[in-house]
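See below for the structure under consideration.
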Amino acid sequence: MAADSDPESDVFEITDFTTASEWERFISKVEEVLNDWKLIGNSPRKSPEKGEYTTGVWEEKCDEVSFADFKFSVTHHYLVQESSEKEEKDELGDDTLPLALQDLLSTNNDFPPRAHCLVRWFGLREFLVIAPAANDAVISESKCNLLLSSVSIALGNTGCQVPLFVQIHQKWRRLYVGECQGPGVRTDFEMVHLRKVLNQYTHLSGLLDIFKSKIGCPLTPLPPVNIAIRFTYVLQDWQGYFWPQQPPDLDALVGGEVGGIEIGKLPFGACEDPISELHLAATWPCLTEGIIVDNDVYSDLDPIQAPHWSVRVRKADNPQCLLGDFLIEFFKLCRRKESTDEILGRPAFEENAKDAADISHALSKLTEPAPVPIHKLSVTSMVHSAKKKIRKHRGAEESPLSNDVLNAILLYLFPDAADKSAERPDARQGTFAEMHTTLRDIEEQNLYPHFKSAPSDSLTYKLASCLCMVNFYHGGVKGVAHLWQEFVLEMRYRWENNFLIPGLNNGPPDLRCCLLHQKLQMLNCCIERKKSRDESKKCNSLDRPASGTGILQHQQDANYLETEKEKTEVGKSWDSWSDSEEEFFECLSDTDELKGNGQEGGKKSGSKVTSNLKPEGRLHQSGKLTLLSTGEPLFIPVTQEPAPMTEDSLEEQSEVLAKLGTSAEGAHLRARMQSACLLSDMESFKAANPGCCLEDFVRWYSPRDYVEEEVIDDQGNRVIKGELSARMKIPSNMWVEAWDTAKPVPARRQRRLFDDTREAEKVLHYLAVQKPADLTRHLLPCIIHAAVIKVKEEEMAENIPSVQKIITQIIAHASKVLRYTNPEDKKMEDIINQIMSAEVTVATARSLKAKFSVETCEDTDEKEELERFVSGLLDQPEVLVVGAGRGPAGSIIHKLFVNAQRLAAMIPTADDTKGPGSSEERRQNTGVSDFPPPTGREIILRTTVPRPAPYSKALPQRMYSVLTKEDFRLAGAFSADTSFF
Numbered sequence: 003m004a005a006d007s008d009p010e011s012d013v014f015e016i017t018d019f020t021t022a023s024e025w026e027r028f029i030s031k032v033e034e035v036l037n038d039w040k041l042i043g044n045s046p047r048k049s050p051e052k053g054e055y056t057t058g059v060w061e062e063k064c065d066e067v068s069f070a071d072f073k074f075s076v077t078h079h080y081l082v083q084e085s086s087e088k089e090e091k092d093e094l095g096d097d098t099l100p101l102a103l104q105d106l107l108s109t110n111n112d113f114p115p116r117a118h119c120l121v122r123w124f125g126l127r128e129f130l131v132i133a134p135a136a137n138d139a140v141i142s143e144s145k146c147n148l149l150l151s152s153v154s155i156a157l158g159n160t161g162c163q164v165p166l167f168v169q170i171h172q173k174w175r176r177l178y179v180g181e182c183q184g185p186g187v188r189t190d191f192e193m194v195h196l197r198k199v200l201n202q203y204t205h206l207s208g209l210l211d212i213f214k215s216k217i218g219c220p221l222t223p224l225p226p227v228n229i230a231i232r233f234t235y236v237l238q239d240w241q242g243y244f245w246p247q248q249p250p251d252l253d254a255l256v257g258g259e260v261g262g263i264e265i266g267k268l269p270f271g272a273c274e275d276p277i278s279e280l281h282l283a284a285t286w287p288c289l290t291e292g293i294i295v296d297n298d299v300y301s302d303l304d305p306i307q308a309p310h311w312s313v314r315v316r317k318a319d320n321p322q323c324l325l326g327d328f329l330i331e332f333f334k335l336c337r338r339k340e341s342t343d344e345i346l347g348r349p350a351f352e353e354n355a356k357d358a359a360d361i362s363h364a365l366s367k368l369t370e371p372a373p374v375p376i377h378k379l380s381v382t383s384m385v386h387s388a389k390k391k392i393r394k395h396r397g398a399e400e401s402p403l404s405n406d407v408l409n410a411i412l413l414y415l416f417p418d419a420a421d422k423s424a425e426r427p428d429a430r431q432g433t434f435a436e437m438h439t440t441l442r443d444i445e446e447q448n449l450y451p452h453f454k455s456a457p458s459d460s461l462t463y464k465l466a467s468c469l470c471m472v473n474f475y476h477g478g479v480k481g482v483a484h485l486w487q488e489f490v491l492e493m494r495y496r497w498e499n500n501f502l503i504p505g506l507n508n509g510p511p512d513l514r515c516c517l518l519h520q521k522l523q524m525l526n527c528c529i530e531r532k533k534s535r536d537e538s539k540k541c542n543s544l545d546r547p548a549s550g551t552g553i554l555q556h557q558q559d560a561n562y563l564e565t566e567k568e569k570t571e572v573g574k575s576w577d578s579w580s581d582s583e584e585e586f587f588e589c590l591s592d593t594d595e596l597k598g599n600g601q602e603g604g605k606k607s608g609s610k611v612t613s614n615l616k617p618e619g620r621l622h623q624s625g626k627l628t629l630l631s632t633g634e635p636l637f638i639p640v641t642q643e644p645a646p647m648t649e650d651s652l653e654e655q656s657e658v659l660a661k662l663g664t665s666a667e668g669a670h671l672r673a674r675m676q677s678a679c680l681l682s683d684m685e686s687f688k689a690a691n692p693g694c695c696l697e698d699f700v701r702w703y704s705p706r707d708y709v710e711e712e713v714i715d716d717q718g719n720r721v722i723k724g725e726l727s728a729r730m731k732i733p734s735n736m737w738v739e740a741w742d743t744a745k746p747v748p749a750r751r752q753r754r755l756f757d758d759t760r761e762a763e764k765v766l767h768y769l770a771v772q773k774p775a776d777l778t779r780h781l782l783p784c785i786i787h788a789a790v791i792k793v794k795e796e797e798m799a800e801n802i803p804s805v806q807k808i809i810t811q812i813i814a815h816a817s818k819v820l821r822y823t824n825p826e827d828k829k830m831e832d833i834i835n836q837i838m839s840a841e842v843t844v845a846t847a848r849s850l851k852a853k854f855s856v857e858t859c860e861d862t863d864e865k866e867e868l869e870r871f872v873s874g875l876l877d878q879p880e881v882l883v884v885g886a887g888r889g890p891a892g893s894i895i896h897k898l899f900v901n902a903q904r905l906a907a908m909i910p911t912a913d914d915t916k917g918p919g920s921s922e923e924r925r926q927n928t929g930v931s932d933f934p935p936p937t938g939r940e941i942i943l944r945t946t947v948p949r950p951a952p953y954s955k956a957l958p959q960r961m962y963s964v965l966t967k968e969d970f971r972l973a974g975a976f977s978a979d980t981s982f983f
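Residue numbers (this note's numbering): 3 to 983.
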């Protein structure tokens with residue numbers, strides 16, 4: 003029989019019950035997180051001070067755990083507190099309650115205005131939250147119980163005494179249940195959330211019944227219950243209080259517009275009241291059961307009698323602000339793609355054809371009889387008059403800007419054109435030179451290098467504000483294109499007529515400014531060079547001897563050109579590396595000298611030049627230096643100024659030099675290209691110091707390359723001997739090569755290093771081809787600069803610390819963003835949003851000052867108190883009202899509510915809020931209460947009772963309730979003794 007049995011029947015299935023389940027693994031992961039965060043045991047700390055939950059620093063740590071494939075996030079919230087090890091050792095005991103149970107009875111931080119919801123509901127300073135990750139929710143009751151049991155086991159296994167909550171149901175409901183375990187104690191955190199509640203539970207008496215029944219204390223009578231009550235009243239009606247926005251200036255250019263401004267000024271302020279609501283919280287912090295009555299029939303809770311008042315304001319969502327709208331609309335131009343001609347509807351070639359026709363017409367007029375002398379006419383003046391005729395013949399529909407607006411803006415930009423009958427003054431003699439230098443002006447001037455914009459008194463800065471105003475008030479992008487076209491025409495006219503551009507600093511382009519400002523500075527340099535050259539030619543032509551005949555004069559000019567031709571051929575290899583490819587000479591009244599010098603001058607011999615040349619172009623003597631070969635004094639020559647360059651030109655030059663590579667030939671070519679200025683200075687030096695040598699030039703030009711040492715000669719005397727440095731003795735040295743090539747030519751007869759004609763035309767072409775989008779990109783730093791200055795001016799009148807902090811952040815942020823040529827749009831939007839935030843804050847401060855009559859208050863002490871109160875509303879989430887309803891601010895708030903209530907009931911208002919009696923007595927007299935029904939009712943009930951048995955340890959019990967129009971919530975923390983349970 004045994005042989006016939008099935009062998010497979012002896013095999014048994016073995017189940018390994020030691021394998022961890024998903025539930026056990028989840029508990030293990032939670033325990034690992036608690037151990038990693040070192041939340042084991044109790045860590046006593048000092049009791050939190052009053053208001054510390056609001057003013058203190060809260061931090062949090064996060065981690066992630068999984069239950070099977072369901073992910074949870076574990077977050078540790080805690081208040082940062084300092085505690086010494088000595089205090090911990092002294093306070094630590096075997097029967098010490100967990101911190102959470104101590105916090106349940108603390109009254110120092112009831113109703114904190116800025117904290118986590120669990121902090122407000124339970125008064126905890128440290129807790130853990132396990133919540134579903136992403137948008138998942140734990141809705142099933144069995145899953146909720148499973149999570150609670152997991153939490154309880156993890157707390158028990160690790161000995162963690164920090165409360166641990168689990169978020170259940172949908173997240174918007176903010177429902178939490180949790181547990182806290184300590185040595186022999188356990189606290190259960192429970193919660194009820196309803197949309198509607200029975201009337202018997204809307205008052206204190208009903209809530210006390212719930213609290214006592216939930217405690218189930220076996221003692222008789224029950225210990226007294228401590229009560230804290232807070233009622234919140236909302237004020238939304240501001241009738242009778244004007245919004246302090248300045249009315250429009252009817253005489254201004256944009257008169258009749260809200261926030262209308264003068265030309266060149268940015269608007270500021272909100273078009274609507276930035277404050278939408280005022281929330282008054284009347285608080286009774288420490289009450290005992292039986293002292294007050296609050297039921298559905300009668301209530302002793304009169305807000306005017308509340309010992310504590312606190313106020314917070316709610317700002318309107320995205321209030322419309324003038325400065326913010328200006329910046330946003332101007333920034334939108336960056337996304338436009340059209341050119342100026344496309345926007346104005348006139349193709350470039352048609353305009354050029356019209357201009358050419360009028361120019362030819364102007365040229366023909368030069369040959370016609372004229373009522374004025376012919377020498378008073380010029381091509382440029384006729385061209386300019388022709389262009390003016392074109393502008394006059396344009397119809398009104400073709401010009402987005404009216405003549406009055408355009409003329410006013412142009413006169414603001416170019417104040418030197420005010421007196422048309424007189425010659426335009428120098429650009430340095432204008433409105434800008436007459437401005438007073440104040441501390442504020444210096445601060446604004448020092449700000450532009452950070453933003454890479456332009457000085458606040460410059461033409462570029464003023465142009466940016468005008469374009470911004472035109473874009474907002476006068477036709478948008480079409481008005482911008484029209485004004486820019488007229489601006490370019492003005493630049494052309496000033497170049498052709500040698501009129502310097504006002505509002506620009508002297509000297510080469512300032513690379514700290516925006517590129518457009520550099521271009522205008524470059525154009526001004528060209529105008530100044532051309533103007534100086536033309537005036538010199540005019541003076542020299544008047545000083546020319548009148549006795550010479552035409553043939554003699556022709557011979558002198560021929561001798562001059564022959565001398566210049568020889569100079570050019572000798573120095574061609576070096577002159578070709580200058581900035582200009584064409585030959586330019588300054589033909590001055592030196593032909594007699596040139597003739598003599600050309601006949602008497604000898605040729606070079608090595609690095610020396612015969613000393614029979616007449617010295618030219620001397621500036622002044624260089625101290626006690628003398629020429630090494632002749633012993634004559636060494637003179638500093640008049641040299642050409644180096645060619646100014648803008649930022650883009652420097653980049654182009656750098657790219658060209660970089661493309662030459664690192665080879666020996668490329669390095670040699672690069673050095674020759676950079677030596678045009680050196681060659682010019684050598685020629686000027688030779689002309690000023692006949693008979694000089696390279697050592698003389700080096701002693702003046704680069705003293706470090708001439709090494710002197712004291713030696714003893716053959717006779718035993720100490721003498722100073724000098725020689726060129728090692729780098730100057732390198733074979734094929736560029737300095738030696740340039741010195742051998744240079745001829746003695748003064749700076750005034752050298753070819754120009756800076757071709758002002760060519761550079762001016764390049765700048766004018768650059769300006770003409772700018773699209774409105776490109777122009778906006780160039781001027782955005784100036785607009786940001788102007789906006790920051792405007793905010794600072796407005797803030798100085800209000801003295802708001804929070805706005806000062808925002809301004810500092812804007813400057814730091816903009817300094818990093820605007821240093822790049824094309825900053826990202828998102829970063830620019832962030833800067834604009836910061837400016838708008840500062841504007842809203844300033845507008846809020848003005849609104850509060852108007853509502854609380856800060857400026858009209860006559861009592862000094864009362865005014866200071868109101869100013870502190872208003873300042874606190876701007877910086878703090880909630881401000882305590884000194885004196886509650888009887889203080890200066892409380893009286894005004896009371897009056898605001900009374901007026902709002904009577905206006906709602908259509909009852910004439912009267913200033914009787916300071917009279918005797920309570921608000922209930924006035925309600926009986928007038929039929930209208932001083933305050934509306936409270937929008938929110940918050941009540942905290944606390945006590946200490948033994949649970950669950952009479953012999954159990956007395957432990958803290960707490961219940962928080964909040965009742966609003968659409969929400970009712972109970973949050974209870976009930977502790978029990980587990981030692982004998």
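We put the CB at the ideal spot given by N, CA and C, even for glycine.
Note that the structure is predicted; figures quoted are calculated from it, not measured.
**OP:** Can you tell me which of 879, 466 and 784 puts its alpha carbon nearest to the alpha carbon of residue 117?
**Re:** 879
**OP:** Would you mind sorting residue 536 into buried or exposed? The rule is 16 or more other CB atoms within 10 Å of its CB.
**Re:** exposed
Original post:
What residue from 179, 784, 762 and 129 has the CA that sits closest to residue 100's CA?
Top reply: The candidate whose alpha carbon is nearest that of residue 100 is 129.
Subject >> Pair within 9 Å by beta-carbon distance, residue 124 and residue 230 >> reply: Contact flag unset, no.
Original post:
Quick one: what's got a C-beta closer than 8 Å to residue 479's C-beta in the same chain, skipping five residues either side?
Top reply: 335, 338, 340, 345, 473 and 774
**OP:** For the beta strand (DSSP E) containing residue 971, list its first residue and its last residue.
**Re:** 970-979
Subject >> Bridge partners - residue 108, DSSP secondary structure assignment >> reply: Partner(s): none; residue 108 has no beta bridge.
Original post:
Under a three-way DSSP split, which group does residue 946 fall into?
Top reply: Looking at residue 946 - three-state DSSP - the assignment turns out to be strand.
Original post:
If we count Cβ pairs, one from each stretch, closer than 8 Å, do we get three or more for the region 167-176 versus the region 41-51?
Top reply: no
Original post:
Apart from the five residues just before and just after residue 711, which ones in its own chain have a Cβ nearer than 8 Å to its Cβ?
Top reply: 722, 723 and 724
Subject >> Residue closest to residue 138, alpha-carbon to alpha-carbon, out of 169, 162 and 163 >> reply: 169
**OP:** Report the residue from 820, 970, 696 and 629 whose alpha carbon sits nearest the alpha carbon of residue 743.
**Re:** Answer by Cα proximity: 696.
**OP:** Return the Cβ separation of residue 948 and residue 956 in integer angstroms, given the expectation that the two are a contact with Cβ distance under 8 Å.
**Re:** 5 Å
Original post:
How would you label residue 892, buried or exposed, when you count the other beta carbons within 10 angstroms and need 16 or more for buried?
Top reply: buried
**OP:** Could you name the residues of the same chain whose beta carbon sits closer than 8 Å to that of residue 74, not counting the 5 residues immediately before and after it, in chain order?
**Re:** Closer than 8 Å at the Cβ level, and outside the excluded window around residue 74, lie 66, 67, 68, 132, 133, 134 and 135.
Subject >> Neighbourhood of residue 834 by C-beta, 6 Å cutoff - its chain only, sequence neighbours within 5 removed >> reply: 329
Original post:
Name the DSSP bridge partner or partners of residue 272?
Top reply: Residue 272 pairs with 323.
**OP:** Consult DSSP for residue 874 and reduce its assignment to one of helix, strand or coil.
**Re:** In the three-state reduction of the DSSP assignment, residue 874 falls in the helix class, which pools H, G and I.
**OP:** Have a look at 656, 647, 749 and 524 and flag the residue whose alpha-carbon is nearest the alpha-carbon of residue 986.
**Re:** Nothing about residue 986 can be read from this structure; the chain reaches only from 3 to 983.
**OP:** Measuring alpha carbon to alpha carbon, tell me which of 638, 737 and 643 ends up nearest residue 625.
**Re:** Selected option, being the one with the closest Cα: 638.
Original post:
Counting along the chain, where does the beta strand (DSSP E) carrying residue 621 start and finish?
Top reply: 620-628
Original post:
Going by DSSP, what residues sit across from residue 714 in a beta bridge?
Top reply: 720
**OP:** Thinking residue 306 and residue 974 are a contact (beta carbons under 8 Å), I'd like their distance in whole angstroms, please.
**Re:** The Cβ separation is near 32 Å, so there is no contact.
Subject >> Rounded straight-line distance, which links the Cα of residue 641 to that of residue 683 >> reply: 6 Å
**OP:** Decide if the region 855-865 is in contact with the region 800-814; the criterion is three or more beta carbon pairs, one per stretch, under 8 Å apart.
**Re:** no
**OP:** Give the straight-line distance between the Cα atoms of residue 343 and residue 824, rounded to the nearest whole angstrom.
**Re:** 24 Å
Subject >> Coil, strand or helix - residue 774 by DSSP >> reply: helix
Original post:
DSSP three-state call for residue 887: helix, strand or coil?
Top reply: helix
Original post:
Per DSSP, residue 166 is paired with what?
Top reply: 130 and 181
Original post:
Using the beta-carbon count (16 or more within 10 Å), is residue 982 buried or exposed?
Top reply: exposed
**OP:** Taking residue 452 as part of the alpha helix (DSSP H), name the residues at either end of that continuous run.
**Re:** 450-453
**OP:** Could you spell out where the beta strand (DSSP E) holding residue 756 opens and where it closes?
**Re:** Unbroken run through residue 756: none, as it is neither H nor E.
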